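Numbering (this note's numbering), first residue to last: 122 to 367. One structure is given here, and the rest of the page talks about it.
Structure (structure tokens):
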């Protein structure tokens, strides 16, 4: 469900579950971390993260959570680990967020150094409606977008379009459509792969230190807030109600 390939000096990592809109499972999150690591250790000088099918990622696989609510904790831990790994990667990470990047899918964008989306995409964190806190995203989103926009997006369960996502700091470029999004993200990754690797690594490390987003204490605090609601009555009731309407 996560596949990798090399395109020159770019390691392409693709979410490959289009029939489920690339909804994330614990196995996919583990596979994503492992594949990014393989690409980097194999000599890739940039990573391009994308999704197969009509959308980048629709978030967690909530069907699995409904059957086994405790699995939400594993998904949250896995997501926090993936985002931290992307941000601390020694090579630039470019993300193509076409179609939709929702909830956990939108959280993945916080791991990207450059995020390209498209005009028709829908992005955001609607999980508050399900009694789930997107706090796990807080450190990365605050560093990427600024705390004002981050506060608005994390508390507002609405979705926004690609151009609005750029204005909010969730994405950096907005292409005309999905094809242009994927092409532009690929071009940016190829361009970054040609830059001096040592300089990029040092700069990424400095930025992570300056913005504090990957400070272990902050990451644990944010994850703990999200985990604190797992299995609660509110979450169980709202998830079940939403699923019954699906």
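In this text, a Cβ means the ideal position worked out from N, Cα and C, and glycines have one as well. Computed from a prediction, not measured in an experiment: that's the story for all the values here.
Here residue 182 is buried, its C-beta having at least 16 other C-beta atoms within 10 Å. Under the DSSP assignment, residue 227 falls outside any beta strand (DSSP E), being part of the alpha helix (DSSP H) whose first and last residues are 225 to 229.
Taking all protein chains in view, the Cβ of residue 355 is surrounded by fewer than 16 other Cβ atoms within 10 Å, so the residue is classified as exposed.
Counting along the chain, the unbroken alpha helix (DSSP H) around residue 286 starts and ends at 283 to 289. According to the DSSP assignment, residue 159 belongs to no beta strand (DSSP E) but to the alpha helix (DSSP H) extending over 147 to 162.
Residue 350 sits in coil when the DSSP states are folded into three classes, being neither helix nor strand. In this structure, 167 is the residue among 186, 218 and 167 with its C-alpha nearest to the C-alpha of residue 207. Rounded to the nearest whole angstrom, the C-alpha separation of residue 149 and residue 215 is 19 Å. Here residue 216 is bridged, per DSSP, to 170 and 236.
The DSSP assignment places complete alpha helix (DSSP H) segments of no fewer than 4 residues inside the segment 264 to 345 at 268 to 276, 283 to 289, 299 to 314 and 318 to 332, in order along the chain. A residue is called buried once 16 or more other Cβ atoms fall within 10 Å of its Cβ, and residue 358, having fewer, is exposed. In this model, residue 190 and residue 222 are separated by some 23 Å (Cα to Cα). Distances from the alpha-carbon of residue 211 to those of 232, 250, 280 and 293 put 232 closest. Per the DSSP secondary-structure output, residue 126 pairs in a beta bridge with 133. When DSSP states are grouped into helix, strand and coil, residue 209 belongs to the coil group. For residue 200, the number of other beta carbons within 10 angstroms of its own is at least 16, and it is reported as buried.
Distance from the CA of residue 259 to the CA of residue 280, rounded to the nearest whole angstrom, comes to 17 Å. Per DSSP, residue 187 is not a residue of any beta strand (DSSP E); the alpha helix (DSSP H) it occupies stretches across 183 to 188. Contact between residue 283 and residue 217 is ruled out by a C-beta separation of about 12 Å, above the 8 Å threshold. The Cβ atoms of residue 302 and residue 296 sit closer than 8 Å to each other.
Beta-bridge pairing by DSSP links residue 222 to 178 and 244. Segment contact: the segment 167 to 179 against the segment 262 to 275, fewer than three CB-CB distances shorter than 8 Å; contact not assigned.
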